[in-house]
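Working notes for the structure below.
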Amino acid sequence: MLNAALLELKSKETSFNNNSLKGYHFDQRLLQAVNAWENILGQDKVSFQVESYQKNTIDSHREIPAVLKLSTTEEVAQAIKIAQKFNIKVYPISTGNNWGYGSSLPVSENCVIFDLKAMNKIVHFDPELGTVSVEPGVTQQMLYDFLQKHNSPFLVPVTGAGPNCSILGNALERGYGITPHTDHFAAVNCLTAVLPNGEVYRSNFSEVNAEQIDKIHKWGLGPYLDGIFTQSNMGIVTQITIDLKKKPERIEFFTFKINQDAKLEETVKIIQEILEEVGDNLSGINLMNDNRVISMSADFPFDQLNADGSNHDEVFDRIAKKLHITPWTGIGAIYGSKEIVKAVKKIIAKKIKKVAGLTIFIDRKKIDFVKKIYSKIPFLQRPFLTNLIEKVDSTLKILEGIPQKVAIPLAYWKNKSLTYSGHDKNHNPAQDNCGLIWFTPLIPLKMKDIRQYTETVKRVCKANKIEPLITMTTLSEKCVDSSVPILFDRTNTEECVNAKKCYLELFEECSKLGYLPYRMGVDNMYLATENKTSFWNLVSKLKDSIDPANILSPGRYCPV
Numbered sequence: 053m054l055n056a057a058l059l060e061l062k063s064k065e066t067s068f069n070n071n072s073l074k075g076y077h078f079d080q081r082l083l084q085a086v087n088a089w090e091n092i093l094g095q096d097k098v099s100f101q102v103e104s105y106q107k108n109t110i111d112s113h114r115e116i117p118a119v120l121k122l123s124t125t126e127e128v129a130q131a132i133k134i135a136q137k138f139n140i141k142v143y144p145i146s147t148g149n150n151w152g153y154g155s156s157l158p159v160s161e162n163c164v165i166f167d168l169k170a171m172n173k174i175v176h177f178d179p180e181l182g183t184v185s186v187e188p189g190v191t192q193q194m195l196y197d198f199l200q201k202h203n204s205p206f207l208v209p210v211t212g213a214g215p216n217c218s219i220l221g222n223a224l225e226r227g228y229g230i231t232p233h234t235d236h237f238a239a240v241n242c243l244t245a246v247l248p249n250g251e252v253y254r255s256n257f258s259e260v261n262a263e264q265i266d267k268i269h270k271w272g273l274g275p276y277l278d279g280i281f282t283q284s285n286m287g288i289v290t291q292i293t294i295d296l297k298k299k300p301e302r303i304e305f306f307t308f309k310i311n312q313d314a315k316l317e318e319t320v321k322i323i324q325e326i327l328e329e330v331g332d333n334l335s336g337i338n339l340m341n342d343n344r345v346i347s348m349s350a351d352f353p354f355d356q357l358n359a360d361g362s363n364h365d366e367v368f369d370r371i372a373k374k375l376h377i378t379p380w381t382g383i384g385a386i387y388g389s390k391e392i393v394k395a396v397k398k399i400i401a402k403k404i405k406k407v408a409g410l411t412i413f414i415d416r417k418k419i420d421f422v423k424k425i426y427s428k429i430p431f432l433q434r435p436f437l438t439n440l441i442e443k444v445d446s447t448l449k450i451l452e453g454i455p456q457k458v459a460i461p462l463a464y465w466k467n468k469s470l471t472y473s474g475h476d477k478n479h480n481p482a483q484d485n486c487g488l489i490w491f492t493p494l495i496p497l498k499m500k501d502i503r504q505y506t507e508t509v510k511r512v513c514k515a516n517k518i519e520p521l522i523t524m525t526t527l528s529e530k531c532v533d534s535s536v537p538i539l540f541d542r543t544n545t546e547e548c549v550n551a552k553k554c555y556l557e558l559f560e561e562c563s564k565l566g567y568l569p570y571r572m573g574v575d576n577m578y579l580a581t582e583n584k585t586s587f588w589n590l591v592s593k594l595k596d597s598i599d600p601a602n603i604l605s606p607g608r609y610c611p612v
């Protein structure tokens with residue numbers, strides 16, 4: 053199947069972007085369903101303006117016949133009952149900002165979108181225990197504003213994706229961040245979901261007069277079923293309750309530079325030692341290669357590269373030298389009391405010194421002081437320094453649980469028609485025609501594996517004329533997740549083909565080594581689910597039992 057997909061991409065190199073829209077034929081079933089939705093839910097709930105939902109960063113297309121804009125669990129239940137009655141496929145989204153994985157696109161053609169962004173209530177908040185219940189449309193910014201309004205000391209589980217992304221959607225995709233509670237679904241204690249037949253599922257204790265316990269205890273009693281609603285098409289989750297972490301007395305950001313690629317293995321060993329010794333007081337530690345740091349620090353050098361790319365390495369080496377960017381850069385954060393942070397800093401500095409020399413530690417007081425002095429000395433101000441200070445400030449804010457757009461500019465790096473400008477604007481990479489596909493495999497935190505993985509990514513990306521931008525984030529002292537953004541110019545047919553081909557080859561080559569993604573985009577889920585393993589066989593049986601007509605999100609993390 054994978055080889056066939058590669059051959060198909062190759063055959064489309066000359067006409068890859070000439071996707072003509074095939075108007076959807078509104079058959080009798082769909083007309084009946086639309087009439088029923090309008091009669092029961094109201095005409096304002098049904099829309100045929102679908103263009104914005106079709107826009108994405110992965111250069112793909114789906115026919116979408118209609119959109120339902122739903123605002124309560126009861127409406128979702130009514131809507132899916134009608135879909136079942138008339139055999140209409142549906143696909144729910146939260147905010148639709150799943151950039152790099154498909155945005156609002158369904159996995160399969162001709163699904164009616166259930167848009168849940170109007171479900172944006174913070175249903176419950178316990179200021180003593182630090183639990184909060186949110187609906188799909190609640191964004192990172194909404195939760196932050198709510199906590200600020202209530203003068204609450206808790207951190208928002210932010211990601212680099214930005215303030216307008218869904219808390220619930222990220223948790224259900226098992227997303228992660230670098231604040232405490234790195235694994236966002238691990239912080240979900242209970243949930244509410246609408247099943248494909250319209251029944252409403254609630255976590256075990258909530259229905260037997262123990263809702264308070266449900267909100268503070270993840271596992272309940274009996275088989276654990278909440279997990280089948282993550283990365284699946286078994287139900288439409290309309291509410292989750294999550295644990296929040298209190299902001300500690302001190303949060304200190306640290307960074308270090310590895311000036312030789314040959315020191316990567318030793319650096320991996322030292323990071324593992326640090327995590328084993330003080331892991332409970334650390335965020336995930338990020339390692340980024342030079343190309344990834346360049347993508348955060350400078351515009352893409354379109355005007356410096358030869359047409360055939362023959363001077364590529366020379367140009368990027370020159371940029372790295374100019375900006376003092378080393379082969380690898382590490383960042384992380386320490387959380388805790390003043391005494392704990394002081395002790396952990398000593399341990400980190402001592403260990404990192406073996407490979408990097410100086411480790412720089414920055415807290416809120418230091419960065420605010422630097423910003424104040426910098427603003428008062430005009431002759432020191434340079435674009436590079438301004439950008440560096442902004443990046444450090446934004447990174448520290450993320451560590452403090454403050455939503456930021458620090459990662460969004462990346463999507464615009466190879467967008468020739470629109471340059472990212474200003475954090476005060478409402479950027480949307482999908483609507484702005486950016487090209488971005490995420491490849492996010494898991495790798496053992498072992499010296500041999502990290503080297504083998506990074507060399508594979510560099511080789512495959514360069515063969516497909518894609519910049520090898522590598523970040524590795526520790527999920528524990530044993531495992532890292534790597535995020536590789538495949539960036540391309542959506543207006544260039546060859547680059548679109550190369551980007552998709554690059555993903556397929558990365559998946560194939562890394563699969564051979566045992567490094568598989570922790571999540572996948574809508575175009576590539578079949579690469580995993582086509583395997584006839586006992587796991588996917590059981591998933592199919594569960595789906596057949598819960599949704600025999602395959603109405604809900606066909607193909608999403610489930611064999612078709």
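At position 437 of the sequence shown the residue is numbered 489 (the working numbering), and the sequence of numbers has no breaks.
Just so you know, even glycine gets a beta-carbon here, dropped at the ideal spot from N, CA and C.
Identity of the residues DSSP links to residue i by a beta bridge
i: residue 228; result: 235
i: residue 176; result: 185
i: residue 302; result: 388
i: residue 341; result: 380
i: residue 531; result: 496
i: residue 365; result: Residue 365 is not bridged to any residue.
i: residue 569; result: 493
i: residue 254; result: 244
i: residue 334; result: 386
i: residue 218; result: 191
i: residue 99; result: 119
Cβ distance (whole Å) where residue i is taken to contact residue j below 8 Å
i: residue 377; j: residue 345; result: 5 Å
i: residue 230; j: residue 451; result: 7 Å
i: residue 382; j: residue 337; result: 6 Å
i: residue 538; j: residue 554; result: 5 Å
i: residue 312; j: residue 379; result: 6 Å
i: residue 227; j: residue 236; result: 5 Å
i: residue 268; j: residue 181; result: 6 Å
i: residue 301; j: residue 156; result: Not a contact, Cβ separation roughly 41 Å.
i: residue 120; j: residue 92; result: Contact doesn't hold; Cβ gap of about 11 Å is too wide.
i: residue 221; j: residue 489; result: Wrong, their Cβ atoms sit about 18 Å apart, outside the cutoff.
i: residue 556; j: residue 509; result: Not really, about 14 Å apart at Cβ, beyond 8 Å.
i: residue 347; j: residue 271; result: Wrong, their Cβ atoms sit about 41 Å apart, outside the cutoff.
i: residue 212; j: residue 459; result: 3 Å
Rounded C-alpha distance that separates residue i from residue j
i: residue 461; j: residue 454; result: 17 Å
i: residue 593; j: residue 98; result: 33 Å
i: residue 173; j: residue 309; result: 43 Å
i: residue 492; j: residue 603; result: 29 Å
i: residue 400; j: residue 384; result: 10 Å
i: residue 543; j: residue 496; result: 37 Å
i: residue 331; j: residue 306; result: 14 Å
i: residue 533; j: residue 439; result: 27 Å
i: residue 215; j: residue 480; result: 11 Å
i: residue 517; j: residue 210; result: 32 Å
i: residue 609; j: residue 146; result: 17 Å
i: residue 411; j: residue 574; result: 40 Å
i: residue 406; j: residue 416; result: 27 Å
i: residue 484; j: residue 351; result: 17 Å
i: residue 195; j: residue 448; result: 18 Å
i: residue 339; j: residue 316; result: 10 Å
i: residue 143; j: residue 113; result: 15 Å
i: residue 246; j: residue 585; result: 28 Å
i: residue 367; j: residue 353; result: 8 Å
Bounding residues of the alpha helix (DSSP H) (the contiguous stretch that carries residue i)
i: residue 552; result: 545 to 564
i: residue 196; result: 192 to 201
i: residue 319; result: 316 to 330
i: residue 460; result: Note, residue 460: premise wrong, no alpha helix (DSSP H); not H, not E.
i: residue 138; result: 125 to 138
i: residue 525; result: Residue 525 -> not in any alpha helix (DSSP H); beta strand (DSSP E) instead, spanning 523 to 526.
i: residue 435; result: 435 to 451
Any C-beta of chain C under 9 Å from that of residue i
i: residue 305; result: Given the protein chain composition of this structure (a single chain), no chain C is represented.
Start-to-end residues for the beta strand (DSSP E) that takes in residue i
i: residue 158; result: From DSSP, residue 158 is part of no beta strand (DSSP E); its letter is neither H nor E.
i: residue 120; result: 119 to 121
i: residue 245; result: 240 to 246
i: residue 295; result: 288 to 295
Is it the case that the stretch 572 to 588 contacts the stretch 516 to 527, given that we only count it when at least three CB pairs across the two stretches are under 8 Å? no
Counting Cβ pairs, one atom from each stretch, are 3 or more of them under 8 Å apart for the stretch 497 to 512 and the stretch 312 to 322? yes
Spell out a yes or no on whether the stretch 239 to 258 and the stretch 127 to 139 are touching, meaning 3 or more CB-CB pairs, one atom from each, closer than 8 Å. yes
For the stretch 279 to 295 against the stretch 349 to 365, do three or more pairs of beta-carbon atoms, one drawn from each stretch, fall closer than 8 Å, so that the two count as touching? no
Counting pairs of Cβ atoms below 8 Å between the stretch 270 to 282 and the stretch 201 to 219, do you hit three or more? no
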